[in-house]
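Under the working numbering, the residues of the sequence shown are numbered -16 to 223, in order. Glycine included, every Cβ here is placed at the ideal spot set by N, Cα and C. Notes for the one structure printed next.
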Amino acid sequence: MSNNSKKKAQAAAAALQGKKDKQRRTLIQVGVAVVLIVLIAGVGFFIVSKNSDDTTATPAAAPSSVTADGAIRIGNPDAAVVVTAVEDFQCPACKQFESISGETLSELIADNTIAVDYKPIAILDRMSSTNYSTRAANASLCVADADITQWPAWHTFMFEQQPAEGGAGLSDEELINMAQLMQLDIASCVNSGTYTDYVTSQTKAVLDDGVTGTPTVSVNGTVVSNPTPDGLRAAIAAAQ
């Protein structure tokens, strides 16, 4: 066979192989697409099924220490002015809010100017490897049920001990030990996740009400855009 004939034969073989490779890649791509469609359909079915289950689920048991709308109220139960603070114990901005304005709120509670409704929710579970936001919120409700008078100290301590985002967060044992320092036994409540479902339902309720982040601070239902001590005092004075 001449060199030209060999070259033509090699070119033809290469073209044929390229065509086969293209067909094989096409089949693989089609197969992957089918698998993705099946997975998406499966996820959609799971979500629909879960939503259907949720509509028939038994409502989560509410802690005895919370108000009708799920808040831990600190101060006069019949206060004319109520500051509401929606917080996540994993939220760095919440920690900053408490470090800046927490003392002001405590002073105003002490002189019966206001009550504060704290609403611990869990929107930052993704920022830990152990659903820390939910576990911390559950533990806070356990403390409130055990002794609500100790809750403000627990609340402060929780933010002082706030773990960095992305890690495991405080363990259940550490949460229990923190309560033990206050002579509170919340071991059973924490270990069983007594209020985990309640935290989930309250988080959904708060988000459905329009809260888009934490902390969200309001005075008698009006969001305070500048929840510094001066901003809070001005909003409280306007509400009186």
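| request: Indicate the three-state DSSP secondary structure (helix, strand or coil) for glycine 53 in the structure shown. | output: Look at glycine 53 here: in three-state DSSP terms it is coil, with no helix or strand label.
| query | What's the call for glutamine 166, buried or exposed, on a 16-neighbour Cβ count within 10 Å? | reply | Glutamine 166 should be labelled exposed.
| task | Grab the span of the beta strand (DSSP E) containing tyrosine 178 for me, first residue to last. | result | For tyrosine 178, no beta strand (DSSP E) segment is defined, and its DSSP state is neither H nor E.
| query | Which parts of the region 137 to 219 are runs of the alpha helix (DSSP H), unbroken and 4 residues or longer, counting only runs that do not cross its ends? | reply | Restricting attention to alpha helix (DSSP H) runs no shorter than 4 residues, the region 137 to 219 encloses them at 155 to 163, 170 to 174 and 179 to 191, ordered along the chain.
| message | In this structure, how does DSSP classify alanine 222 when only helix, strand and coil are distinguished? | response | It is helical.
| Selection from Phe140, Asp155 and Gly196 that minimises the alpha carbon distance to cysteine 172 | Out of Phe140, Asp155 and Gly196, Asp155 has the C-alpha closest to the C-alpha of cysteine 172.
| message | If you measure between the beta carbons of methionine 110 and glutamate 148, is that distance less than 8 Å? | response | Yes. Within cutoff.
| Between Ala218, Gly150, Asp213 and Asn95, which lies nearest to aspartate 61 when the distance is taken from Cα to Cα? | Among Ala218, Gly150, Asp213 and Asn95, the Cα nearest to that of aspartate 61 is on Asn95.
| task | Report the residue from Phe80, Leu88 and Lys78 whose alpha carbon sits nearest the alpha carbon of glycine 58. | result | The residue among Phe80, Leu88 and Lys78 with its C-alpha nearest the C-alpha of glycine 58 is Leu88.
| query | Quick one: what's threonine 96 bridged to in DSSP? | reply | Note: threonine 96 sits in no beta bridge, so no partner.
| task | Report, in whole angstroms, the separation of the C-beta atoms of threonine 197 and alanine 76, which I expect to be a contact under 8 Å. | result | The distance from the Cβ of threonine 197 to that of alanine 76 is about 7 Å, consistent with a contact at the 8 Å cut-off.
| Taking the alpha carbon of alanine 122 as the point to measure from, which residue in Ile159, Arg216, Val64 and Phe80 has its own alpha carbon closest? | Among Ile159, Arg216, Val64 and Phe80, the Cα nearest to that of alanine 122 belongs to Ile159.
| Counting Cβ pairs, one atom from each stretch, are 3 or more of them under 8 Å apart for the region 186 to 197 and the region 137 to 145? | In short, these stretches do not touch, since the Cβ pair count stays below three.
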